[in-house]
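*Asks:* There's a structure below that I have some questions on.
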Amino acid sequence: MLALIATVALFLNLYALNKEGYANEYYAAAVRSMLESWHNFFFASFDPGGFITIDKPPLDFWIQAAFAYVFGFHGWALILPQALADVGSVLLMFTLVKRHFGKAAGLIASAAMALTPIAVAVSRTNQVDGVLVFLMLIATWFLFRAIETHRLRPLIGVAIMEGLAFNTKMMEAYLILPAIYVGYFVASKLPWRKKLAYLGVMTALLGAISFSWATAVQLTPANERPYVGSTTDNNEFTLIFGYNGVNRLTGNMGVGGGSFRMEFGRFPSAGEFGRRFTQGAGGFPGGAFPGSGSAESQGEGQSGTGRAFGGSGAGFPGGQGSQAPFPFGNGEFGRVFGIDGFGHRFGDGFGGGFNRGGFGGGGMFDTGTRGVLRLFQAELGPQIGWLLPIACLGLVPLLRNVRWKRRRELTDRERATIFWAAWLVPVGAFFSVAGFFHQYYLITLAPAIAALVGAGLTTMWRDFRAGGRWKGYLLGAVLLDLVYECLMVRSYPTVRVALIAVTVALAALSAALLFLPRLSLRWRRAGAVIGLLSLLAVPGYWSLTPALYGVNGSMPAAGPAGSAGGGMGFAGRTSENDNVAQYDKLIRYLVAHYRPSKGSFLVATLNAQPAEPIIIATGLPVMAMGGFSGSDAAMTVAKLQQLCEEGKVKYFLLGGGGFGGRGNSQLVAWIEKHCKLVPASAWGGVSSSSSANRSSFGGFGGIGGLELYVYTGDAQA
Numbered sequence: 001m002l003a004l005i006a007t008v009a010l011f012l013n014l015y016a017l018n019k020e021g022y023a024n025e026y027y028a029a030a031v032r033s034m035l036e037s038w039h040n041f042f043f044a045s046f047d048p049g050g051f052i053t054i055d056k057p058p059l060d061f062w063i064q065a066a067f068a069y070v071f072g073f074h075g076w077a078l079i080l081p082q083a084l085a086d087v088g089s090v091l092l093m094f095t096l097v098k099r100h101f102g103k104a105a106g107l108i109a110s111a112a113m114a115l116t117p118i119a120v121a122v123s124r125t126n127q128v129d130g131v132l133v134f135l136m137l138i139a140t141w142f143l144f145r146a147i148e149t150h151r152l153r154p155l156i157g158v159a160i161m162e163g164l165a166f167n168t169k170m171m172e173a174y175l176i177l178p179a180i181y182v183g184y185f186v187a188s189k190l191p192w193r194k195k196l197a198y199l200g201v202m203t204a205l206l207g208a209i210s211f212s213w214a215t216a217v218q219l220t221p222a223n224e225r226p227y228v229g230s231t232t233d234n235n236e237f238t239l240i241f242g243y244n245g246v247n248r249l250t251g252n253m254g255v256g257g258g259s260f261r262m263e264f265g266r267f268p269s270a271g272e273f274g275r276r277f278t279q280g281a282g283g284f285p286g287g288a289f290p291g292s293g294s295a296e297s298q299g300e301g302q303s304g305t306g307r308a309f310g311g312s313g314a315g316f317p318g319g320q321g322s323q324a325p326f327p328f329g330n331g332e333f334g335r336v337f338g339i340d341g342f343g344h345r346f347g348d349g350f351g352g353g354f355n356r357g358g359f360g361g362g363g364m365f366d367t368g369t370r371g372v373l374r375l376f377q378a379e380l381g382p383q384i385g386w387l388l389p390i391a392c393l394g395l396v397p398l399l400r401n402v403r404w405k406r407r408r409e410l411t412d413r414e415r416a417t418i419f420w421a422a423w424l425v426p427v428g429a430f431f432s433v434a435g436f437f438h439q440y441y442l443i444t445l446a447p448a449i450a451a452l453v454g455a456g457l458t459t460m461w462r463d464f465r466a467g468g469r470w471k472g473y474l475l476g477a478v479l480l481d482l483v484y485e486c487l488m489v490r491s492y493p494t495v496r497v498a499l500i501a502v503t504v505a506l507a508a509l510s511a512a513l514l515f516l517p518r519l520s521l522r523w524r525r526a527g528a529v530i531g532l533l534s535l536l537a538v539p540g541y542w543s544l545t546p547a548l549y550g551v552n553g554s555m556p557a558a559g560p561a562g563s564a565g566g567g568m569g570f571a572g573r574t575s576e577n578d579n580v581a582q583y584d585k586l587i588r589y590l591v592a593h594y595r596p597s598k599g600s601f602l603v604a605t606l607n608a609q610p611a612e613p614i615i616i617a618t619g620l621p622v623m624a625m626g627g628f629s630g631s632d633a634a635m636t637v638a639k640l641q642q643l644c645e646e647g648k649v650k651y652f653l654l655g656g657g658g659f660g661g662r663g664n665s666q667l668v669a670w671i672e673k674h675c676k677l678v679p680a681s682a683w684g685g686v687s688s689s690s691s692a693n694r695s696s697f698g699g700f701g702g703i704g705g706l707e708l709y710v711y712t713g714d715a716q717a
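Numbered by full-length UniProt numbering, the letters in the sequence shown go through residues 1 to 717 in order.
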């Protein structure tokens, strides 16, 4: 049975992986750059010239670079480590749960992990979260060994794995530290003084490993390493404790320092934009942005029709609004950008548009409304919450014999339950109140949910067979979870009838086999298995959708066609050659006019988006002056002027998305004053209206097209 589950996991993670393109091209470009030199490799440089880093630590990107070195620089080679890590997590769940709750519980837990939609979705991209969870589970294995053997050495393994996890995604790795400390202190039978001593050693080693790379970066003189991306002070610790730390909880997304990263999937040039998303649910059939055609939106939005993206198209589905502090009122955004369902007023909320993943009815990144029930809401529930009711309800029978006020030694199952609960509750609480995260971060909840589902269901099954007052608890828990699943599915008209019918049919058959008299134990066990299938039918289909429809590499999420691609990204599968084809003429022009020299750059951009496809295609130095969003303080006018005078930067590509800032606007003003606009006809671009395009929508650049400037040294009239 485990082999079957592993096969399903392999299929979900690997099927049609080559069609996912380069996934998140920001990170793909970084891996391309890391392959160019050991300097770039160590510092996780975004660009081959080593100008600025990405916003994450390097461990998983080192692994991706190794795979790309072996298999060649292909999108599937970059995604493969994450896909394999998810399969490894499925197998680890069986091992971890089986040791305390038995083989059946382990199999159910591994199946639940394999059929967690957001885990499959994010693992089919080059986002690092799948590897992060895999390292967390290895740390858990070492923790259980430390408890069983009463030795310090396994705790050192915990510190190493958690330290590596930290160097995969910084503070997110520490979400399970409460479970590690509580689990060890509750479960270990060592004297409490020795427990504290061992935990102290583990903590010291964990801190040393976690901050080793960041310390090495900070000890390197600033002029000998890339600028730290997504910061204003070029400090790796600011990135750790700010943008990737406290800001995630508080929701502080100020534009400065890369702390507000509007990950719109991509905002490339106009022709690419139209062609890139035609395979998604609505389609943007070419042309400029916004286009000349109009289209009716198909959702439940409160505002009227709007102009379509591109020449024609189906528009975005609508949705109900919720509070959001943005200044666009009276449906202006919907009329301008062709997005019905952004609410009657943009200030009243973003609708659930953008392919049911847009700004979402519950927040900018479709993460619902803060509160106790956030994980059960329509925005997050379909990604992680299908089995969450069973996981929570399972805690009752698992811990019912614990006497908290009386001294009684806990059983191994109770200790393990406390560990998984200490994983689920704090992490769930964080995401219930956090102000700035993306749907795919929820993969960190998947192991705890899967473990408690496996342990809880097997415990409830034993109670059911034993009779007594707990016999009906299994039926009630399963029924409640099935009702929740059906309520969630109702929001998806294209699949709700089929999925609800299958779920109800399986549940009815299961009930018949469990409650009809004079049936043998074999038939009742078959009824239990069918009941489990009824619980897994909907999450199983949701987990299949990434393979069927593809995922948005920047904002991965699962769901039926027209709903996948959460957050502000867009659904639809992208060929890894789409951007290269669009930029082909531009790249040919730039390469033909490039004279390589030490410290020189092929072209400079305001932000990372227009630079990504050029780096991926050529591996040549491209300078993203403001980092990912254009808001990093990595470049000044004086420094830019010096680089131009030294001949290290000659061409500037303006437009292509991102949020600017005061420094960004000063750079643009200097470029427009001292550089000459290269006619679009010379390099195959799309004509645009200069600064009008770059200033639209508060700093998005180049929505109508990209502009190429060449440095002349003379002030332009």
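The beta carbon of each residue, even a glycine, is placed where N, CA and C say it ideally should be.
Given residue 205, which residues of its chain have a CB within under 7 Å of its CB, disregarding the five upstream and five downstream residues?
*Replies:* Closer than 7 Å at the Cβ level, and outside the excluded window around residue 205, lie 156, 159.
*Asks:* Going by DSSP, what residue range makes up the alpha helix (DSSP H) through residue 113?
*Replies:* Where residue 113 is concerned, the enclosing alpha helix (DSSP H) stretches over 103-114.
*Asks:* What did DSSP end up calling residue 160 once you bin it into helix, strand or coil?
*Replies:* Looking at residue 160 - three-state DSSP - the assignment turns out to be helix.
*Asks:* Compare the C-beta of residue 558 against all C-beta atoms of chain E and say whether one is closer than 9 Å.
*Replies:* In the structure shown, chain E cannot be found, because there is only a single protein chain.
*Asks:* In three-state terms, what does DSSP make of residue 237?
*Replies:* Note: residue 237 maps to helix in three-state DSSP.
*Asks:* Does the beta-carbon distance from residue 448 to residue 391 come in below 9 Å?
*Replies:* Result yes, Cβ atoms of residue 448 and residue 391 sit closer than 9 Å.
*Asks:* Taking a contact to mean a Cβ-Cβ separation below 9 Å, would you say residue 171 touches residue 223 in this structure?
*Replies:* Contact flag unset, no.
*Asks:* Assuming residue 622 is part of the alpha helix (DSSP H), what are its boundary residues?
*Replies:* Where residue 622 is concerned, there is no enclosing alpha helix (DSSP H), although the beta strand (DSSP E) it sits in stretches over 622-624.
*Asks:* For residue 169, which three-state DSSP category applies?
*Replies:* Helix.
*Asks:* Measuring CA to CA, which of 615, 92, 69 is closest to residue 590?
*Replies:* The candidate whose alpha carbon is nearest that of residue 590 is 615.
*Asks:* Roughly how many angstroms lie between the CA atoms of residue 284 and residue 561, to the nearest whole one?
*Replies:* For residue 284, the pLDDT reaches just 31, beneath the cut-off of 50, and the residue's location in the model is therefore unreliable, leaving the point undetermined.
*Asks:* Report the rounded CA-to-CA distance for residue 209 versus residue 203, giving the unit in angstroms.
*Replies:* Looking at the two C-alpha atoms, the distance is approximately 10 Å.
*Asks:* Is residue 435 near residue 478, with beta carbons less than 9 Å apart?
*Replies:* No, Cβ-Cβ distance for residue 435 and residue 478 is not below 9 Å.
*Asks:* Report the CB separation of residue 228 from residue 239 in whole angstroms; it is logged as a contact under 8 Å.
*Replies:* Rounded, the Cβ-Cβ distance is 6 Å, consistent with contact.
*Asks:* Let's see if you can read the secondary structure: which residues bound the beta strand (DSSP E) around residue 592?
*Replies:* Premise fails: residue 592 lies in the alpha helix (DSSP H), 584-592, not in any beta strand (DSSP E).
*Asks:* Taking the alpha carbon of residue 511 as the point to measure from, which residue in 476, 542, 543 has its own alpha carbon closest?
*Replies:* Of the candidates 476, 542, 543, the one whose C-alpha sits nearest the C-alpha of residue 511 is 476.
*Asks:* What is the DSSP secondary structure of residue 534, counted as helix, strand or coil?
*Replies:* In this structure, residue 534 counts as helix in the three-state DSSP scheme.
*Asks:* Are the CB atoms of residue 633 and residue 47 within a distance shorter than 9 Å?
*Replies:* Cβ atoms of residue 47 and residue 633: not closer than 9 Å.
*Asks:* Rounding to the nearest angstrom, what Cα-Cα distance links residue 87 and residue 9 in this structure?
*Replies:* Rounded to the nearest angstrom, the two C-alpha atoms are 6 Å apart.
*Asks:* For residue 714, count the other beta carbons within 10 Å of its own beta carbon; 16 or more makes it buried, fewer makes it exposed. Which is it?
*Replies:* Counting Cβ neighbours within 10 Å, residue 714 comes out exposed, since fewer than 16 surround it.
*Asks:* Is it true that the segment 26-37 meets the segment 87-100, where meeting means three or more beta-carbon pairs spaced less than 8 Å apart?
*Replies:* At 8 Å Cβ cutoff, the stretches do not touch.
*Asks:* Just verifying my parser: in three-state terms, what is the DSSP assignment at residue 732?
*Replies:* Any question about residue 732 goes unanswered here, given that the chain covers just 1 to 717.
*Asks:* Quick one: what's got a C-beta closer than 6 Å to residue 189's C-beta in the same chain, skipping five residues either side?
*Replies:* If we look at residue 189 and ignore the five residues flanking it on each side, it has no Cβ neighbours.
*Asks:* Based on the DSSP output, what are the partners of residue 675 in its beta bridges?
*Replies:* DSSP, once it has assigned bridges, lists 711 as partnering residue 675.
*Asks:* Taking the CB atoms as reference points, tell me whether residue 393 and residue 480 lie closer together than 9 Å.
*Replies:* Against a cut-off of 9 Å, the Cβ pair of residue 480 and residue 393 comes out as a contact.
*Asks:* My output table needs one value for residue 654: the three-state DSSP class, helix, strand or coil.
*Replies:* DSSP places residue 654 in strand when its eight states are reduced to three.
*Asks:* For residue 600 and residue 130, I'd like the C-alpha separation in whole angstroms.
*Replies:* Spanning the two alpha carbons is a distance of roughly 36 Å.
*Asks:* With residue 30 as the anchor, note down where its alpha helix (DSSP H) starts and where it stops.
*Replies:* Unbroken alpha helix (DSSP H) run through residue 30: 25-34.
*Asks:* Starting from the C-beta of residue 558, find all residues in its chain whose C-beta is less than 8 Å away, skip the five residues before and the five after it, and write them out in chain order.
*Replies:* Excluding residues within five positions, the ones whose Cβ falls inside 8 Å are 117, 118, 120, 121, 382, 383, 542, 543, 545, 546, 551, 564.
*Asks:* Find out if the Cβ-Cβ distance for the pair residue 184, residue 152 is shorter than 9 Å.
*Replies:* No, they are not a contact pair.
*Asks:* What's the C-alpha gap between residue 109 and residue 5?
*Replies:* Between residue 109 and residue 5, the C-alpha separation is close to 10 Å.
*Asks:* Smallest Cα separation from residue 667: which of 415, 604, 612?
*Replies:* Nearest of 415, 604, 612 to residue 667, Cα basis: 604.
*Asks:* Could you check the C-alpha separation between residue 132 and residue 67 for me, to the nearest Å?
*Replies:* Computed Cα separation, rounded: 17 Å.
*Asks:* If you drop the 5 nearest sequence neighbours on each side, which residues of the same chain put their C-beta closer than 7 Å to that of residue 40?
*Replies:* So the list reads 33, 34, 48, 50, once near-sequence residues are dropped.
*Asks:* Along the alpha helix (DSSP H) that carries residue 417, what are the first and last residues, could you check?
*Replies:* That run of the alpha helix (DSSP H) goes 412-433.
*Asks:* Span of the beta strand (DSSP E) holding residue 604?
*Replies:* Segment 603-605, the beta strand (DSSP E) holding residue 604.
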